[in-house]
Amino acid sequence: MSNVPMEVNSFVGAYADTNDHDLEDLIREVFDEYITNEIPIRLLYITEDRSGIRFKLVDRIFIKEHFASVPDEIHTEFCGESLEDWEDSIREEVKKRLRYAIFSHRWLSKEPTYQDMSEEVQADTPGWKKLQKFCRKTLYDHHCQFAWCDTCCINKSSSAELDESIRSMFRWYRNSHTCIAFLSETADLEALRRSQTGEGGANIDQWFLRGWTLQELLAPAQIKFYGANWQPLISLGISKNDRFNQTVMQIISGITHIPMEDLESFIPGTNRVPEKMLWASKRRTTRIEDIAYCLIGIFDVSLMISYGEGNRAFFRLMEEILKRYDKWDIFLWSGRCSRYNAALPYAPHCYPVGYRETRVRPREHATTEEERNNANCDVGDRLFTLTNHGLKIKVLKLNIELADTGGETNNSRYLTFGCIAKLKMPKVKHIGAKPKASTQWAIGVLDYWINKGGKGFLDGRQKPFTAFLLSYDKDAPDARWKKAMTEEIIKIRPTDHVSGDMASLFL
């Protein structure tokens with residue numbers, strides 16, 4: 001929550017619309033607003049004396065006083081200039097001058113805490129030594145006097161501060177002058193390359209397998225990787241910013257499955273949901289809630305932080321994404337469902353490897369008959385919404401008959417369905433409670449095409465259609481169609497044209 005008085009924010013917003021503005025006042029207001037809203041609550045202030053480097057925690061008031069001359073310096077530089085957007089230009093100049101480095105690393109045991117820093121307690125532990133190395137690299141390699149480290153710059157005993165820090169963290173990494181990424185299990189660039197290929201049994205550095213380091217990889221404009229010996233993987237003389245080093249980024253792309261264009265310039269947002277979930281699917285967090293919280297910045301959504309809510313945090317994340325996402329491919333998941341809604345996944349790992357971008361190409365760019373059909377028709381329901389009755393969605397519902405059950409275990413079984421006209425159903429591994437003999441079955445096709453008459457249809461294309469497996473227990477008190485859990489995504493491939501009415505379901 002912003003602490004800037006409303007009249008200040010209003011003044012800054014309205015300033016650009018006036019012709020008789022006072023440049024000096026505008027610079028000072030932008031300066032104050034930037035410190036209050038765009039940089040971390042606390043930073044480490046790094047100094048040097050005969051005994052070496054020293055660092056202490058400082059707050060935003062200290063930052064404001066330390067950089068008190070900046071508004072006058074910018075005023076001198078901009079005076080007499082004619083700029084199209086004064087605010088943006090001033091803000092960029094403020095950002096250049098209020099430089100801080102930010103740390104990305106794996107936590108060790110006995111990391112220095114906020115309380116340790118407040119009480120000026122130092123210890124001869126790996127965590128302290130790591131912090132000292134980070135501050136040394138910040139000062140000498142990147143010429144920053146200020147730095148931020150998550151272990152000691154957040155007062156985690158304050159729920160309000162923890163909430164603000166988690167929700168602001170992507171922005172703090174993005175606004176940093178540079179991010180120092182410490183790969184404690186990687187000796188050098190060659191070791192990083194071997195970990196990508198698995199050569200010689202090399203393992204991937206744990207930095208690439210933790211939840212929070214995903215946004216720490218993508219958010220900063222400038223990032224520099226250091227190996228276990230605290231030497232840069234690429235010499236500083238060759239590359240100050242590994243973001244634009246093709247060698248490093250290609251290896252990291254191979255490890256993370258993140259496209260090069262995202263590694264070079266990532267834009268957060270609620271697009272490409274399955275692909276971004278795939279990036280997070282192999283990553284782990286200590287707290288289950290952090291599976292969701294570490295993705296807030298990636299998807300550019302806002303969540304209240306509530307440790308203790310467990311997996312409900314990921315459901316709330318999906319709920320926020322659904323408010324701004326209208327493509328059926330968000331349902332391209334399999335496995336365990338959320339306990340709060342059967343149509344939504346339990347966690348990012350429910351999204352499978354091999355996701356294909358489902359963006360529809362404009363007709364003028366279509367190269368195949370399938371793409372031309374896609375361009376002429378809407379694909380799936382784009383008005384689905386989460387309600388208090390469940391997920392409301394229109395599907396092309398096709399009834400199917402259960403032919404056989406096999407491979408029964410306590411929590412799974414294989415279901416074989418009879419063929420229906422022009423459509424062959426694959427054998428499906430159903431997971432969860434054993435269905436009753438009276439259960440009725442159907443598939444709900446998600447990516448059907450809609451013709452001009454409003455009918456849903458499928459045709460015999462090369463690529464398969466995607467569907468939910470639906471079950472209906474007529475003896476249940478709340479009898480209705482429900483999404484059944486399956487180990488794999490249901491893919492169907494019609495041999496010819498199949499059409500029908502859409503069914504509006506609450507799942």
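For reference, each letter of the sequence shown is one residue, going 1 to 507 in UniProt numbering. Don't be surprised by glycine CBs; every beta carbon is placed ideally from N, CA and C.
- For E275, the closest C-alpha among the options L44, R287, W449, P259 is that of P259.
- At the C-beta level, D188 and L233 come within 8 Å of one another.
- Non-local beta-carbon contacts of D326 in its own chain, meaning distances under 6 Å to residues more than five positions away in sequence, involve R382 in chain order.
- For R42, the beta-bridge partners assigned by DSSP are D59.
- Fewer than three pairs of CB atoms, one per stretch, sit closer than 8 Å, so the region 128-147 makes no contact with the region 155-164.
- A distance below 8 Å separates the beta carbons of L214 and R283.
- I267 is classed as exposed because its beta carbon has fewer than 16 other beta carbons within 10 Å across all chains shown.
- In terms of Cα proximity to D205, the closest of T186, G198, R194, T197 is T186.
- The C-beta separation of A181 from I223 comes to about 6 Å, placing the pair in contact by the 8 Å criterion.
- According to the DSSP assignment, H430 belongs to the beta strand (DSSP E) that extends over 428-431.
- Between the alpha carbons of S504 and G456 lies a distance of about 12 Å.
- Distance between H66 and I39, taken at the CA atoms: about 14 Å.
- Where D404 is concerned, the enclosing beta strand (DSSP E) starts and stops at 402-406.
- The Cβ atoms of I431 and T486 sit closer than 8 Å to each other.
- DSSP places W86 within a helical segment (H, G or I) once states are collapsed to three.
- Rounded to the nearest angstrom, the Cβ distance from D459 to P494 is 7 Å, consistent with a contact under 8 Å.
- By the criterion of a C-beta distance shorter than 6 Å, W230 is surrounded in its chain by K133, once the five residues flanking it on both sides are discounted.
- Contact between M117 and L43 does not hold, since their C-beta atoms are separated by about 11 Å, which reaches or exceeds 8 Å.
- Nearest to R272 by alpha-carbon distance, out of K240, W328, T247, N311, is W328.
- Membership of Y140 in the alpha helix (DSSP H) is indicated by the continuous run 126-140.
- Following the DSSP letters along the chain, one finds A292 inside the alpha helix (DSSP H) bounded by residues 290-293.
- The beta carbons of R60 and I41 sit about 7 Å from each other, so the pair counts as a contact at 8 Å.
- Take the alpha-carbon of S89 and the one of Y45: they are about 27 Å apart.
- Within 10 angstroms of the beta-carbon of W107 lie fewer than 16 other beta-carbons, which makes it exposed.
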